[in-house]
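Each protein sequence line maps, in turn, to chains B and F. Going by this note's numbering, the letters in the first sequence line up with residues 10 to 263, in that order. Going by this note's numbering, the letters in the second sequence line up with residues 26 to 257, in that order.
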Amino acid sequence: MEQVKEGYGILQALLVVTATLILLLTLWHVAATTFEKPYLPTPAQVVAELHKSFISGVLVENTLITLRRVVTALLLALTLGLLSGLLASRTIIGSRVLRPLILATYPIPHVTLIPILIWILGVEWSKIAVISIITYYPIAISTMEWATRTPREYEDLVKSMGGSKLHLIIYVVIPYIIPGLLTGLRISVSTAYAVVFIAESFVLTGGLGSLIEDSWHRLNYPAVYAYVITLATLGITSYTMIWALEKAYMKRLT
Amino acid sequence: MKLYIEDLTFKYRWDDIYIFDSFNHVFEGSWLHVILGPNGVGKTTLLKLVAGVLNPLRGSISLEGGLLGRGDVSYVPQDNELLPWLSVYANVELPLRIAGVNGNERRLRVLEALKSMEVLGYANRYPKHLSGGERKRVALARALASNSKIVLLDEPTANLDPGSRKLLWGYLKSLARSRLILVVTHNLGEALLEGGLIHILTGRPARVVEVFEGGEEAWSRLRRVMGYYKLS
């Protein structure tokens, strides 16, 4: 069956993105040269700063530090979110205790835990922990919501084969919730890069957030822009990758 | 082979009407059994009870010689008969995995079953790339691979084109030579023509009111039965 394509094809999308980028850079350049403010360097100055930082190895080293923190935190959040989401939706105790607990603690501004987490976990793991805590919620909640509405017919099928509760989880619940899990992860990823900045600029122990904070204090305007752009690129890339994964999975099923 | 249903009592939790109340019936022999009855009488419920998907309030369902065990029954629901996230091969393999059959034997049995249902070429496809008739055949291959003694099918020919219907009944008849096949349908014409043994299920709570052989002569029999029990 031929499906109607929504939106653009990949080539068209690339074209639109490139055109928009060129337009924005041009506007930026014009604004920078017109106003001549120190806090608005030209794109060329920022690119030069990026290049300098890349050559010296600072950019790569700190990007890797940030990436390692984000990835570790997301893996933790994914594991815990999936497990607790399943428990909260598929067991009676879980739905009575865990589910209300997850929903009730969700609106807490978890970033404010950073100072306390530093005391408990130390500088490095407090950063990972705060990202984990914040990204845990979208993952746990979407797992919870999707796992409560798995289609009855599929469960019946596995039950009729004599499948156990574990078989149901492996062959029906997890495959069914994967799109929801990926959506949760996609939302989490964009938050993760925001939180990593806050965490890294709280106590400066490397990472792009530290570089931004440090350059800001030293009034190195182009450097601030360079590292913000790097962090933004990481965010966009991760988001797009997960989105592509979601699309690919859905394409196989429907 | 005999499938005994004894003292079966069932109602849905949300309903106070008993669908089955001390229901007794025997499905006997490797035959193509067809259960005919009006909508909502409990045909699908009966299949689900035999499949072990629903639990009766009381009563037992047993094979000659003992209770039904894992893998004895293979259930083919009306829609969503295959898991959409598993390939055809993995779908057929699933009951064997659940039963803990070892890898080599599993592979042999799956391939053989796919071959005999003539769906071997689709082994790596996903259910959405199959036609309705092909999906039913894969579900039958799954029953074959797991060596089920009983195969339950809920409205297997609904939503199929006439050619695929004919083909599917052919497969069901050949399967029925060595198994007990239980088909639920409300398609009178097909049931009478293709069915081996017709069981008329009606009433609330439901009862089997008539059992007779299918074929051309079944029509006059049915006409009489329908008038008598006010079936539509």
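Even glycine gets a Cβ: it sits at the ideal position worked out from N, Cα and C.
Contact set for residue i: own chain, Cβ-Cβ below 7 Å, skip 5 residues either direction
i, result
"arginine 150 of chain F", "Ser112, Val113"
"threonine 144 of chain B", "Ala82, Leu83, Ala86, Ser197, Thr200, Ala201"
"methionine 10 of chain B", "The pLDDT assigned to methionine 10 of chain B is 42, lower than 50, so where the model puts this residue is not dependable, and the model offers no usable value."
"threonine 69 of chain F", "Asp179, Val209"
"valine 66 of chain F", "Leu226, Thr227, Ala231"
"tyrosine 188 of chain B", "Per the sequence shown, residue 188 of chain B should be read as proline rather than tyrosine. Cβ neighbours of proline 188 of chain B beyond the five flanking positions: Glu255, Tyr258, Met259."
"tyrosine 146 of chain B", "Tyr115"
Neighbour flag for residue i against chain B, beta carbons, 8 Å
i, result
"asparagine 105 of chain F", "yes"
"arginine 95 of chain F", "yes"
"isoleucine 60 of chain F", "no"
"proline 181 of chain F", "no"
"lysine 68 of chain F", "no"
"leucine 108 of chain F", "yes"
"proline 187 of chain F", "no"
"proline 81 of chain F", "no"
"valine 144 of chain F", "no"
"proline 102 of chain F", "yes"
"lysine 198 of chain F", "no"
"glycine 65 of chain F", "no"
"glycine 77 of chain F", "yes"
"valine 98 of chain F", "yes"
"lysine 73 of chain F", "yes"
Neighbourhood of residue i by C-beta, 6 Å cutoff - its chain only, sequence neighbours within 5 removed
i, result
"valine 13 of chain B", "Residue confidence is low: valine 13 of chain B scores 49 on pLDDT, short of 50, so the model does not pin down where it sits. Its coordinate-derived value is still stated next. Cβ neighbours of valine 13 of chain B beyond the five flanking positions: none."
"arginine 246 of chain F", "Phe237"
"tyrosine 53 of chain F", "The sequence given here places glutamate at residue 53 of chain F; tyrosine does not occur at that position. Counting only Cβ-Cβ distances below 6 Å, and skipping sequence neighbours, we find Lys27."
"isoleucine 30 of chain F", "His50, Ile86"
"valine 212 of chain B", "Val132"
"alanine 232 of chain B", "Glu58, Ser224"
DSSP beta-bridge partners of residue i
i, result
"lysine 27 of chain F", "F:Glu53"
"arginine 83 of chain F", "F:Thr34"
"threonine 210 of chain F", "F:Leu61"
"glycine 91 of chain F", "F:Leu88"
"phenylalanine 206 of chain B", "DSSP lists no partner for phenylalanine 206 of chain B."
"phenylalanine 48 of chain F", "F:Leu33"
"leucine 205 of chain F", "F:Ile175"
Contact set for residue i: own chain, Cβ-Cβ below 8 Å, skip 5 residues either direction
i, result
"aspartate 46 of chain F", "Thr34, Pro230"
"valine 117 of chain F", "Val135, Ala138, Leu139, Val163, Ala166, Arg167, Ala170"
"glutamate 164 of chain B", "Leu177, Val181"
For residue i, the first and last residue of its enclosing beta strand (DSSP E)
i, result
"alanine 179 of chain F", "Going by the sequence as given, residue 179 of chain F is aspartate instead of alanine. Run containing aspartate 179 of chain F: 175-179, per the beta strand (DSSP E) assignment."
"serine 112 of chain F", "Looking at the DSSP string, serine 112 of chain F is not in any beta strand (DSSP E), and its letter there is neither H nor E."
"arginine 232 of chain F", "232-238"
"serine 99 of chain F", "98-101"
Interface flag, residue i vs chain F, CB-CB below 8 Å
i, result
"glycine 90 of chain B", "no"
"glycine 172 of chain B", "yes"
"serine 169 of chain B", "yes"
"alanine 156 of chain B", "no"
"glutamate 162 of chain B", "yes"
"proline 184 of chain B", "yes"
"leucine 166 of chain B", "yes"
"glutamate 11 of chain B", "At glutamate 11 of chain B, the pLDDT of 45 sits below 50, so the modelled position is not reliable; the number obtained from the coordinates is stated separately. False, the Cβ-Cβ gap to chain F never drops below 8 Å."
"histidine 119 of chain B", "no"
"tyrosine 248 of chain B", "no"
Delimiting residues of the alpha helix (DSSP H) encompassing residue i
i, result
"threonine 70 of chain F", "68-76"
"leucine 226 of chain F", "Segment 222-227 is the beta strand (DSSP E) holding leucine 226 of chain F; no alpha helix (DSSP H) there."
"proline 160 of chain B", "Where proline 160 of chain B is concerned, there is no enclosing alpha helix (DSSP H), given that its DSSP letter is neither H nor E."
"threonine 75 of chain B", "67-99"
"valine 212 of chain B", "Note, valine 212 of chain B: premise wrong, no alpha helix (DSSP H); not H, not E."
"histidine 38 of chain B", "19-44"
"histidine 176 of chain B", "174-177"
"asparagine 129 of chain F", "128-141"
"tyrosine 48 of chain B", "Element bounds for tyrosine 48 of chain B: n/a, residue is neither H nor E."
"tryptophan 39 of chain F", "No alpha helix (DSSP H) holds tryptophan 39 of chain F; DSSP gives it neither H nor E."
"alanine 183 of chain F", "That residue, alanine 183 of chain F, is in no alpha helix (DSSP H); it is neither H nor E in DSSP."
"leucine 110 of chain B", "108-114"
"glutamate 255 of chain B", "230-262"
"lysine 161 of chain F", "157-170"
Of all the residues that make up the segment 203-235 of chain F, which are near chain B by a beta-carbon distance shorter than 8 Å? none
Members of the segment 223-239 of chain B that neighbour chain F once the beta carbon cut-off is set at 8 Å: none
Contact residues within the segment 250-262 of chain B, judged by C-beta distance below 7 Å to chain F: Arg261, Leu262
Mind checking the segment 114-140 of chain F against chain B and listing, in chain order, the residues whose C-beta falls within less than 8 Å of any C-beta there? Leu119, Pro120, Ile123, Ala124
If the cut-off is 8 Å on Cβ atoms, which residues from the segment 147-171 of chain F count as contacting chain B, listed in chain order? Tyr151, Lys153, Ser171
Contacting positions in the segment 33-56 of chain F - beta carbon closer than 7 Å to chain B: none
Could you run through the segment 115-147 of chain B and flag, in chain order, every residue whose CB is less than 7 Å away from some CB of chain F? none
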